[in-house]
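A.B. asks: Protein chains in written order, with our numbering: chain W, 2 to 133; chain Y, 283 to 695. Just passing along the structure, written as structure tokens.
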């Protein structure tokens, strides 16, 4: 029963992520990479255990993440509420081992740590339940 | 200065406690002994060494009225030390544990003490007159991991049972555990605790009954404390969070505050409105609650990215205290993230080198150079409100802090 509910739920989440993906593509075309990243981070599915949902959202976040060029304007526009979830995705990016992804994640990681402190890293590493 | 004195007693201190008149301090220098020092003519004299435990002493509590010291250790035992003449005489308390004892606290009435352990249990120990023996009663249920901290409710009569509209006398004990939860138990023991006259006849006072379980943290939780009135509960998580819980009872309201820096290990309520947190960041942090009931880290106010002007540091010692928190942060933020690890190490070991340009600040910098794991109130009789507290840490130092004359804190105290 629970597995069934989870599966239904997963389908809904996937549909939502697809919508999000379209929206992000539009934002990127309008040269709004920061808005795109915010949209990607919003409604991330950490609570579900479904790996498909997590992967689908990671693809969307990755797309927006790689489009970021200007870190100064990113951090002046990004509110503190996004810090923790962004840090989680940065570590997911670093775990891929893909060179350009890691380069970009490290660049953002440096600035995010400056901005959000070590507490943000601690919260990301300590959280083994709500993974992204 | 906010820290009125600092003394390095040992290489490392696991815990400390003060004698009732605060003339003597008992601490464990990270071994199986408990050392008692007394301040005489500005010099600390080692008066006693309590040797009975086989392993590291993890908890010491010196009772305020009965002048008894209770110690617990990783050797799974506890001793109650009684001063007889010039000697401290130990009485063994068999806790019936199969793992280390981790923390201990006397109850407000000092007729019982609570021990948290690595055996997922809490021991409530009380003295049995007829057998001349300390008995340990175990709360075995509920905890799914080690109990890291215990705290007795200061007055015990405030829990209103919503359904029965009765005050119920329960003798509350709060615990934190490495399963991330904070729990509150009833520890009423028949024959030891007497029922309050207000308690209704129907009020069930079962020993070990769980009153509430707070599921706010996703990682290890530490350092639980009650506010002076017992209305608010604060504890910390190892994920750099601090949690405040109001109206502990049928309908609690909780607040989580994320920290910018390394996690805390222990907390202390200075008043209903001010909490001091200590931990891996080596510096006490101040939290206060505003009119709307929201808790804020006061130290954040001092945080300005980039170098902080040192001017005006002399005015108001508490401001100094806030400033050096901010100043140290700006010094470390210059380090590239590629050397996160060395930055952490620098924080622990190289801190005293920072800010040496200013005597006032450098003094503040070196207060603790390693994780602070113990914070205690210092309160002489008639001393109200609470102004002073002491901290000890893995750097082997004990520091006493004074908040008196801190104008920016006055409204909260």
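In this text, a Cβ means the ideal position worked out from N, Cα and C, and glycines have one as well.
Below 8 Å, how does it come out for the region 383–393 of chain Y and the region 356–364 of chain Y: are there three or more Cβ pairs, yes or no?
C.D. replies: Touching, per the Cβ criterion.
A.B. asks: Compare the C-beta of residue 108(W) against all C-beta atoms of chain Y and say whether one is closer than 7 Å.
C.D. replies: Mapped onto the first chain, residue 108(W) falls at position 107. It does not; no Cβ of chain Y falls within 7 Å.
A.B. asks: Does any heavy atom of the ligand MN sit closer than 6 Å to the C-beta of residue 371(Y)?
C.D. replies: This structure simply doesn't include the ligand MN, nor any ligand for that matter.
A.B. asks: Any beta carbon of chain W sitting closer than 7 Å to that of residue 521(Y)?
C.D. replies: For the purposes of this step, residue 521(Y) is taken as the residue at position 239 of the second chain. It does; some Cβ of chain W falls within 7 Å.
A.B. asks: 7 Å is my cut-off, CB to CB: does residue 545(Y) come that close to chain W?
C.D. replies: Taking the second chain and counting its residues from 1, one reaches residue 545(Y) at position 263. So yes, residue 545(Y) belongs to the interface.
A.B. asks: Taking Cβ-Cβ distances shorter than 8 Å, what residues in chain Y pair up with residue 133(W)?
C.D. replies: Locating residue 133(W) in the first chain gives position 132, counting from the first residue. Correct list: empty, because the minimum Cβ distance to chain Y is about 14 Å.
A.B. asks: For residue 421(Y) and residue 403(Y), which I take to be in contact (beta-carbon distance under 8 Å), what is that distance rounded to the nearest angstrom?
C.D. replies: Working through the second chain from its first residue, we reach residue 421(Y) at position 139. Working through the second chain from its first residue, we reach residue 403(Y) at position 121. 6 Å between Cβ atoms; contact.
A.B. asks: If the criterion is Cβ atoms closer than 7 Å, does the pair residue 650(Y) and residue 684(Y) meet it?
C.D. replies: Locating residue 650(Y) in the second chain gives position 368, where the first residue counts as 1. Locating residue 684(Y) in the second chain gives position 402, where the first residue counts as 1. Taking 7 Å as the Cβ cut-off, residue 650(Y) and residue 684(Y) do not qualify as a contacting pair.
A.B. asks: Mind checking residue 425(Y): buried by the 16 CB within 10 Å criterion, or exposed?
C.D. replies: Within the second chain, numbered from 1, the residue matching residue 425(Y) stands at position 143. Residue 425(Y) comes out buried.
A.B. asks: Assign residue 371(Y) to buried or exposed, taking buried as 16 or more other Cβ atoms, counted over all protein chains shown, within 10 Å of its Cβ.
C.D. replies: Within the second chain, numbered from 1, the residue matching residue 371(Y) stands at position 89. The residue is exposed, with fewer than 16 neighbouring Cβ atoms inside 10 Å.
A.B. asks: Please report whether the beta-carbon of residue 127(W) lies at a distance below 7 Å from any beta-carbon of chain Y.
C.D. replies: Taking the first chain and counting its residues from 1, one reaches residue 127(W) at position 126. Yes, because at least one Cβ of chain Y sits closer than 7 Å to the Cβ of residue 127(W).
A.B. asks: So residue 503(Y) and residue 469(Y) are supposed to be a Cβ contact under 8 Å. How far apart are they, rounded?
C.D. replies: Locating residue 503(Y) in the second chain gives position 221, where the first residue counts as 1. Locating residue 469(Y) in the second chain gives position 187, where the first residue counts as 1. 20 Å between Cβ atoms; not a contact.
A.B. asks: Using beta carbons (cut-off 7 Å, strictly below), is residue 541(Y) in contact with chain W?
C.D. replies: As a working note, residue 541(Y) is residue 259 in the second chain. So, interface residue.
A.B. asks: In terms of residue numbering, what span does the alpha helix (DSSP H) encompassing residue 92(W) cover?
C.D. replies: Mapped onto the first chain, residue 92(W) falls at position 91. Residue 92(W) -> alpha helix (DSSP H) spans 84–97.
A.B. asks: Straight-line CA distance for residue 295(Y) to residue 353(Y)?
C.D. replies: As a working mapping, residue 295(Y) is identified with position 13 in the second chain. As a working mapping, residue 353(Y) is identified with position 71 in the second chain. Distance between the alpha carbons of residue 295(Y) and residue 353(Y): 14 Å.
A.B. asks: Can you tell me whether residue 62(W) is helix, strand or coil according to DSSP?
C.D. replies: Within the first chain, residue 62(W) is the residue found at index 61, counting from 1. Reduced to three states, the DSSP call for residue 62(W) is helix.
A.B. asks: Out of 493(Y), 455(Y), 539(Y), point me to the one whose CA is closest to residue 508(Y)'s CA.
C.D. replies: Locating residue 508(Y) in the second chain gives position 226, where the first residue counts as 1. Answer by Cα proximity: 455(Y).
A.B. asks: Using only CA atoms, which one of 667(Y), 344(Y), 661(Y), 652(Y) lies nearest to residue 674(Y)?
C.D. replies: Mapped onto the second chain, residue 674(Y) falls at position 392. Here the closest residue by C-alpha is 652(Y).
A.B. asks: Among 124(W), 129(W), 92(W), which residue has its Cα nearest to the Cα of residue 543(Y)?
C.D. replies: For the purposes of this step, residue 543(Y) is taken as residue 261 along the second chain, with counting starting at 1. The shortest Cα separation from residue 543(Y) among 124(W), 129(W), 92(W) belongs to 124(W).
A.B. asks: Secondary structure at residue 542(Y), three-state DSSP: helix, strand or coil?
C.D. replies: Your numbering for residue 542(Y) matches position 260 in the second chain. Residue 542(Y): coil per DSSP, three-state reduction.
A.B. asks: With distance defined between alpha-carbon atoms, name the residue in 388(Y), 367(Y), 540(Y) nearest to residue 453(Y).
C.D. replies: On the second chain, position 171 is the one that residue 453(Y) refers to. Of the listed residues, the one whose Cα sits closest to residue 453(Y) is 388(Y).
A.B. asks: Measure the CB-CB distance between residue 498(Y) and residue 536(Y) and report whether it falls below 7 Å.
C.D. replies: As a working mapping, residue 498(Y) is identified with position 216 in the second chain. As a working mapping, residue 536(Y) is identified with position 254 in the second chain. Taking 7 Å as the Cβ cut-off, residue 498(Y) and residue 536(Y) qualify as a contacting pair.
A.B. asks: Is there a C-beta anywhere in chain W that falls below 7 Å from the one on residue 623(Y)?
C.D. replies: Against the second chain, residue 623(Y) aligns to sequence position 341. The predicted model places residue 623(Y) with a pLDDT of 42, which falls under 50 and marks its position as unreliable, so this point remains unresolved.
A.B. asks: Determine, using beta carbons only, whether residue 72(W) comes closer than 7 Å to chain Y.
C.D. replies: The residue given as residue 72(W) occupies position 71 in the first chain. So no, residue 72(W) is outside the interface.
A.B. asks: Can you list the residues of chain Y that residue 100(W) reaches, using a CB-CB cut of under 8 Å?
C.D. replies: One-based indexing of the first chain puts residue 100(W) at position 99. Result: empty, since nearest Cβ-Cβ is about 16 Å, beyond 8 Å.
A.B. asks: Looking at chain W, which residues of the region 487–507 of chain Y have a Cβ within less than 7 Å of any of its Cβ atoms?
C.D. replies: Under the 7 Å Cβ criterion, the region 487–507 of chain Y contributes 500, 501.
A.B. asks: Just the chain Y side, please: which residues come within less than 8 Å of residue 117(W) by C-beta, in chain order?
C.D. replies: As a working note, residue 117(W) is residue 116 in the first chain. Ordered by position in chain Y, the residues that pass the 8 Å Cβ test against residue 117(W) are 542.
A.B. asks: What does the alpha-carbon distance come out to for the pair residue 77(W) and residue 682(Y)?
C.D. replies: Taking the first chain and counting its residues from 1, one reaches residue 77(W) at position 76. Taking the second chain and counting its residues from 1, one reaches residue 682(Y) at position 400. Near 40 Å, if we compare the C-alpha coordinates of residue 682(Y) and residue 77(W).
A.B. asks: With contact counted as at least three CB pairs below 8 Å, one residue from each stretch, are the region 83–91 of chain W and the region 519–531 of chain Y in contact?
C.D. replies: With a cut-off of 8 Å, the region 519–531 of chain Y and the region 83–91 of chain W do not count as touching, because too few Cβ pairs lie within range.
A.B. asks: Does residue 124(W) come within less than 7 Å of chain Y when only Cβ atoms are used?
C.D. replies: Indexing the first chain from 1 puts residue 124(W) at position 123. Chain Y, which has a Cβ nearer than 7 Å to the Cβ of residue 124(W), makes this yes.
A.B. asks: Could you check the C-alpha separation between residue 74(W) and residue 20(W) for me, to the nearest Å?
C.D. replies: Along the first chain, read from residue 1 onward, the residue named residue 74(W) stands at position 73. Along the first chain, read from residue 1 onward, the residue named residue 20(W) stands at position 19. For residue 74(W) and residue 20(W), the distance between alpha carbons rounds to 26 Å.
A.B. asks: Give the straight-line distance between the Cα atoms of residue 551(Y) and residue 12(W), rounded to the nearest whole angstrom.
C.D. replies: Here residue 551(Y) corresponds to residue number 269 of the second chain, with the count starting at 1. Here residue 12(W) corresponds to residue number 11 of the first chain, with the count starting at 1. Those two C-alpha atoms are separated by around 48 Å.
A.B. asks: Please report whether the beta-carbon of residue 94(W) lies at a distance below 7 Å from any beta-carbon of chain Y.
C.D. replies: Numbered from its first residue, the first chain carries residue 94(W) at position 93. It does not: the Cβ of residue 94(W) has no partner Cβ on chain Y nearer than 7 Å.
A.B. asks: Would you mind stating whether residue 68(W) and residue 34(W) have Cβ atoms separated by less than 7 Å?
C.D. replies: On the first chain, residue 68(W) is found 67 positions in, with the first residue counted as 1. On the first chain, residue 34(W) is found 33 positions in, with the first residue counted as 1. For residue 68(W) and residue 34(W), yes; Cβs fall inside 7 Å.
A.B. asks: Helix, strand or coil for residue 422(Y)? Go by DSSP, reduced to three states.
C.D. replies: The residue you call residue 422(Y) lines up with position 140 of the second chain. In this structure, residue 422(Y) counts as coil in the three-state DSSP scheme.
A.B. asks: Along the beta strand (DSSP E) that carries residue 41(W), what are the first and last residues, could you check?
C.D. replies: As a position in the first chain, residue 41(W) is number 40, starting the count at 1. Residue 41(W) -> not in any beta strand (DSSP E); alpha helix (DSSP H) instead, spanning 34–42.
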